[in-house]
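> Dropping a structure here in structure tokens format, bear with me for questions.
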Amino acid sequence: MPHSAPGRALPPAAEWIRVAGAREHNLADVHIEVPKRRLTVVTGVSGSGKSSLVFDTIAAEAQRQLYETLPAFVRGFLPSYGHPAVDMIHNLGAAIVVDQRRLGGGSRSTVGTITDIAPLLRLLFSRAGTPHVGYSDSFSFNLPAGMCPGCDGLGEVTDIDMDAFLDPALSLNEGALLAPYFKVGTWMWQVYAASGRLDPDKKVRDYTAEERHTLLYSTSGTVPFGEGGAQMNASYEGAAAKFRRLYIQRDTAELGERTRKMAAQYTTTVTCPECGGARLNRAALDCRVAGYGIAQLSAMEAVRLVEALAGLEVPEAAPVVEALRTRVGHLVEIGLGYLSLDRRTDSLSGGESQRIKIVRHLASTLTDMLYVFDEPSVGLHARDVQRLTSLLLELRDNGNTVLVVEHDRDVIAAADHVIDIGPGAGAAGGRVVYTGDVAGLESSEGPTGRHLERRTRLKEKVRTPTGALTVRGAELHNLRGLDLEIPTGVLTAVSGVAGSGKSSLVYGVFCAQHPGAVVVDQSAPTANRRSTTATYTGALDPIRKTFAKANGVSPALFSANSAGACRTCEGMGVTYTDLAFMEGVSTVCTTCRGKRFTDEVLGYRLDGATISDVLEMTVGEGLEFFAGRRAVAPILRAVVDVGLDYLRLGQPLTSLSGGECQRIKLASYLHREGAIYVLDEPTTGLHMSDTARLLTVLDHLVDERGGTVVVIEHDLDVIAHADWVVDLGPEGGSAGGRIVFQGTPAELLDAPGSHTGAYLRRALAPARVPAGR
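In my numbering, the protein residues as written are 7 to 779.
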């Protein structure tokens with residue numbers, strides 16, 4: 007157990023955020039105090055109520071009160087927050103919530119723009135660049151003054167994929183033009199086949215260069231088409247030119263979804279030939295500062311950019327250079343040194359997105375703010391967690407209150423104050439188990455205290471592989487032509503620092519070379535606010551049929567999306583009122599009282615419970631209720647096995663975290679025999695006590711189902727439990743992409759140059775390291 011950060015005296019009584027009677031979700035009338043200007047970590051098992059307290063109560067109320075100070079018109083453009091179920095919250099500060107939601111922004115948003123580093127870089131070139139180009143707008147790919155005219159600042163252009171569009175082995179009469187728009191017999195096909203300019207029976211591969219140009223690109227002259235008196239002349243336009251005009255150059259918003267999907271089959275996106283992907287016009291690209299171009303600096307990894315800026319002597323823009331050094335340095339400090347400023351934000355993971363958001367606040371001189379973080383250690387290697395805690399403490403030392411929901415031992419150890427929620431999940435949680443310093447938490451009786459004292463341990467005996475799955479010539483992104491073998495019939499952990507190439511290797515190469523693998527990632531299941539745990543897992547159908555059979559009625563009555571739905575709220579349980587520029591309001595439906603069904607349906611019962619009662623049950627309670635019913639119980643058992651017994655059967659999928667989304671998807675694959683499973687950091691969002699449960703599930707997939715399991719993981723407990731480890735690195739970005747180690751966890755302990763091996767040694771208690779270490 008890492009030592010706790012040097013203790014800070016807690017503030018006087020008036021300097022606490024006081025929460026009384028919090029009842030949001032499963033919170034059981036919680037009364038709690040959070041010290042201001044301190045780092046407080048909120049812990050507890052998955053589903054215990056941590057997020058309900060921190061995000062849905064404290065942060066939501068802080069933002070709601072702040073937004074209420076703004077005019078109604080302005081509030082219409084901001085997220086809406088209803089009043090949380092709480093009696094009183096006092097001494098709140100203005101809140102900044104840094105969550106794990108991935109950064110969007112589309113193709114025009116980059117690491118540079120989202121962190122406000124790009125504007126500083128533009129300012130530097132406008133002040134000190136030669137030849138002088140103009141104002142900073144002249145270096146922005148998002149503004150007309152700076153964008154490349156060839157791609158409008160996107161760095162890439164969409165054009166026809168000629169391999170998909172045209173089959174040269176066929177003639178026009180045989181359907182050489184493959185897009186449906188030019189199908190044989192259509193009037194557009196006649197423009198070419200009956201034009202008299204081309205031989206419709208001649209193979210396109212036998213065309214002269216002039217004939218090929220005529221077919222695809224010519225826009226000169228007219229061509230007759232039609233029959234008899236209906237014949238008319240039309241302007242001639244080559245097939246490729248016409249397709250480009252109709253489907254590529256038009257605003258996609260004007261095209262229907264079906265048409266966009268069709269067009270996408272015959273197009274491809276390539277790097278803009280005019281700017282080489284740099285997005286800027288020639289004048290901006292030719293401007294130099296100390297020999298560097300702005301595109302050159304933007305393409306550097308942050309760790310290299312810091313070095314370049316350190317040697318930059320530009321007296322006329324010294325303050326700008328210093329600000330750049332500071333902000334780019336923050337990227338490196340937080341473990342994102344492998345990112346470049348031109349990296350698109352929509353390509354970042356949830357963990358990278360959250361750390362990018364942290365960088366945006368590190369340069370702030372605001373004090374007395376309330377910073378709220380959602381598991382900021384997600385996606386971080388053990389080596390980088392220390393950097394993270396240093397940044398959290400820096401925010402605290404600037405005079406701010408830092409409130410963090412977290413499971414990581416090192417982050418917990420750095421806290422000034424800890425609040426443990428639990429002891430269990432769902433209805434078994436929602437209470438304060440412990441509040442105080444870290445030393446007291448270690449001796450507390452809750453799951454967190456018990457597991458905080460436990461050490462990582464190596465598996466005593468690893469499994470023997472049944473074979474191997476080869477990977478050849480992996481060169482995606484920073485991978486260096488890797489060749490390796492993934493053993494079958496065992497649990498393999500792919501480890502390495504952030505940016506070392508783990509996802510590129512597993513998802514980009516391994517899954518491409520082995521397309522039969524079952525990929526279970528953290529993306530949200532396709533869902534809307536009507537989708538629930540029961541509907542997604544498939545449990546609702548047999549539940550409805552069971553109710554229908556017991557009562558002699560139609561199963562449709564027991565669907566909140568069908569015949570049995572309350573007419574007032576349409577089966578939602580709540581009604582939504584749009585107040586235009588004011589905050590919208592959702593209220594419990596007065597007709598069904600939130601039960602979602604008509605009174606007729608609620609009159610039907612199964613073993614004394616209505617369908618509404620069943621949907622309010624947790625999965626664990628539902629499994630007990632349906633224990634003897636073979637159509638329902640196996641589905642719920644799989645959800646329990648992946649550690650989601652606390653979810654309500656009627657809980658909307660939109661409320662699930664990334665880790666919960668991954669596990670609920672995994673539940674649907676638990677009974678597949680001999681599959682290859684690929685999981686992306688399955689411990690995300692898991693309490694230490696839940697990790698052991700996850701490992702039991704992974705063992706089940708291998709031992710009982712004969713499967714092969716490959717996990718991308720930072721958690722040292724998972725790595726120590728694996729049968730085989732592939733460690734990438736040694737660093738991220740261009741300094742990574744190599745195999746540092748392959749072998750068993752025990753062999754990893756002595757692997758030279760492996761950060762994973764070094765931190766695994768630290769996590770193991772000496773008494774538990776196998777003999778001979």
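In this text, a Cβ means the ideal position worked out from N, Cα and C, and glycines have one as well.
Under 9 Å between the Cβ atoms of LEU704 and VAL715?
The count along the sequence shown starts at 1 and reaches residue 704 at position 698. The count along the sequence shown starts at 1 and reaches residue 715 at position 709. In this structure, VAL715 lies closer than 9 Å to LEU704 by Cβ.
> What does the Cβ neighbour count give for VAL620, buried or exposed, with the cut at 16 atoms within 10 Å?
Taking the first residue of the sequence shown as position 1, residue 620 is located at position 614. With 16 or more other Cβ atoms within 10 Å, it is buried.
> To which residues does DSSP link LEU409 through a beta bridge?
Start at 1 with the first residue of the sequence shown, and residue 409 comes out as number 403. DSSP, once it has assigned bridges, lists THR46, VAL378 as partnering LEU409.
> Beta-carbon within less than 6 Å of TYR213's beta-carbon, same chain only, minus the 5 sequence neighbours each way: which residues are those?
In the sequence shown, residue 213 corresponds to position 207, counting from 1. So the list is empty, once near-sequence residues are dropped.
> Go ahead and label VAL802 buried or exposed: buried means 16 or more other beta carbons lie within 10 angstroms of its beta carbon, across all protein chains shown.
Residue 802 cannot be examined here, being either before or after the span of the chain that is shown, 7 to 779.
> Any idea what DSSP makes of ASP207, helix, strand or coil?
The sequence position of residue 207 within the sequence shown is 201, counting from 1. It is coil, neither helix nor strand.
> Is it right to say GLY432 is buried, meaning 16 or more other beta carbons lie within 10 angstroms of its own, or is it exposed?
The residue you call residue 432 lines up with position 426 of the sequence shown. Buried, by the Cβ-count rule.
> Fully enclosed by the stretch 718 to 767, which beta strand (DSSP E) runs are 3 residues long or longer?
730 to 735, 744 to 749
> Could you give the first and the last residue of the continuous alpha helix (DSSP H) run that contains ALA542?
Working through the sequence shown from its first residue, we reach residue 542 at position 536. The sequence as given places Tyr at residue 542; Ala does not occur at that position. 539 to 543 is the span of the alpha helix (DSSP H), which, as asked, contains TYR542.
> Would you check if the stretch 132 to 146 and the stretch 289 to 306 touch, i.e. whether three or more CB-CB distances between them fall below 8 Å?
Remark: three or more beta-carbon pairs, one from each stretch, lie closer than 8 Å, so the stretch 289 to 306 and the stretch 132 to 146 are flagged as touching.
> Quick check on the DSSP output: what are the complete beta strand (DSSP E) runs of length 3 or more inside the stretch 443 to 503, in order along the chain?
473 to 480, 488 to 494, 497 to 501
> Bridge partners of TYR440, per DSSP?
Against the sequence shown, residue 440 aligns to sequence position 434. TYR440 is bridged to ASP426.
> Would you tell me roughly how many angstroms separate the C-alpha atoms of VAL775 and LYS551, rounded to the nearest one?
The residue you call residue 775 lines up with position 769 of the sequence shown. The residue you call residue 551 lines up with position 545 of the sequence shown. No answer about VAL775 holds up, because its pLDDT of 39 lies below 50 and its placement is not dependable.
> With a threshold of 8 Å (Cβ to nearest heavy atom), would ALA556 be considered close to the ligand FMN?
Summarising the ligand content, the structure contains no ligands, and the ligand FMN is consequently not present.
> What residue range is occupied by the uninterrupted beta strand (DSSP E) comprising SER241?
As a working mapping, residue 241 is identified with position 235 in the sequence shown. Element bounds for SER241: 238 to 241.
> Hey, out of ARG461, ILE427, PRO751, GLY282, whose CA is closest to SER450's CA?
Sequence index remark: in the sequence shown, residue 450 carries index 444 (1-based). The shortest C-alpha separation from SER450 is found at ILE427.
> Between the C-alpha atoms of GLU448 and PRO471, what's the straight-line distance to the nearest angstrom?
In the sequence shown, the residue the question calls residue 448 occupies position 442. In the sequence shown, the residue the question calls residue 471 occupies position 465. Near 39 Å, if we compare the C-alpha coordinates of PRO471 and GLU448.
> Does the Cβ of TYR440 have 16 or more other Cβ atoms within 10 Å, making it buried, or fewer, making it exposed?
Your numbering for residue 440 matches position 434 in the sequence shown. Flag for TYR440 reads buried.
> Does the distance from the CB of ALA68 to the CB of GLY99 come in under 9 Å?
As a working note, residue 68 is residue 62 in the sequence shown. As a working note, residue 99 is residue 93 in the sequence shown. Contact: yes.
> In the structure shown, what three-state DSSP assignment does MET153 receive?
For the purposes of this step, residue 153 is taken as residue 147 along the sequence shown, with counting starting at 1. MET153 falls in the strand class under three-state DSSP.
> Please go through the same chain and pick out, in chain order, the residues whose beta-carbon is closer than 7 Å to the beta-carbon of ALA728, but skip the five residues on each side of it.
As a working mapping, residue 728 is identified with position 722 in the sequence shown. Once the five neighbours on either side are set aside, the close Cβ partners of ALA728 are LEU497, THR498, ALA499, PRO751.
> With a Cβ-Cβ cutoff of 9 Å, do ASP647 and THR702 count as a contact?
The count along the sequence shown starts at 1 and reaches residue 647 at position 641. The count along the sequence shown starts at 1 and reaches residue 702 at position 696. Yes, they are a contact pair.
> DSSP three-state call for ASP165: helix, strand or coil?
By one-based count along the sequence shown, residue 165 stands at place 159. In this structure, ASP165 counts as strand in the three-state DSSP scheme.
> Would you mind sorting PRO521 into buried or exposed? The rule is 16 or more other CB atoms within 10 Å of its CB.
Stepping through the sequence shown from its first residue, residue 521 is reached at position 515. Classification of PRO521: exposed, given that the 10 Å Cβ count is below 16.
> Checking the sheet assignment: what are the DSSP bridge partners for HIS96?
As a working mapping, residue 96 is identified with position 90 in the sequence shown. ARG24.
> Quick check: the Cα distance between ASP205 and ASN148, rounded to an integer number of angstroms?
Position 199 of the sequence shown, counted from the start, is the residue given in the question as residue 205. Position 142 of the sequence shown, counted from the start, is the residue given in the question as residue 148. ASP205 and ASN148: Cα-Cα distance of roughly 47 Å.
> Determine the extent of the beta strand (DSSP E) in which ALA101 is found, giving its start and end residues.
Translated into positions along the sequence shown, residue 101 becomes position 95. Where ALA101 is concerned, the enclosing beta strand (DSSP E) stretches over 101 to 104.
> Along the chain, where does the alpha helix (DSSP H) containing PRO325 start, and where does it finish?
Walking along the sequence shown from the start, residue 325 turns up at place 319. PRO325 -> alpha helix (DSSP H) spans 324 to 339.
> State the Cα-Cα distance for the pair PRO493 and LEU475, rounded to the nearest angstrom.
Along the sequence shown, one-based indexing puts residue 493 at 487. Along the sequence shown, one-based indexing puts residue 475 at 469. Approximately 6 Å between the Cα atoms of the pair.
> Does DSSP put ASP62 in a helix, a strand or coil?
The count along the sequence shown starts at 1 and reaches residue 62 at position 56. Note: ASP62 maps to helix in three-state DSSP.
> In whole angstroms, give me the CA-to-CA distance for GLY6 and LEU488.
Absent from the structure is residue 6, since the part of the chain shown begins at 7 and ends at 779.
> Quick check on the DSSP output: what are the complete alpha helix (DSSP H) runs of length 4 or more inside the stretch 623 to 649, in order along the chain?
You should have 625 to 631, 639 to 647.
> Within a Cβ cutoff of 8 Å, which residues of the same chain sit near GLY743, ignoring the five residues on either side of it in sequence?
As a first step, residue 743 is located in the sequence shown; it is residue number 737 there, counting from the start. Within the same chain, GLY743 has close Cβ partners HIS483, ASN484, LEU485, ARG486, LEU488, SER506, GLY507, SER510, LEU734.
> DSSP on VAL525, reduced to helix/strand/coil?
Translated into the one-based positions of the sequence shown, residue 525 becomes position 519. Reduced to three states, the DSSP call for VAL525 is strand.
> Quick check: the Cα distance between LEU629 and GLU753, rounded to an integer number of angstroms?
What you label residue 629 is simply residue 623 of the sequence shown in a count that begins at 1. What you label residue 753 is simply residue 747 of the sequence shown in a count that begins at 1. Cα to Cα, LEU629 sits roughly 42 Å from GLU753.
> So if DSSP puts GLU319 in a beta bridge, which residue, or which two residues, is it bridged to?
As a working note, residue 319 is residue 313 in the sequence shown. Bridge partners of GLU319: none, in fact.
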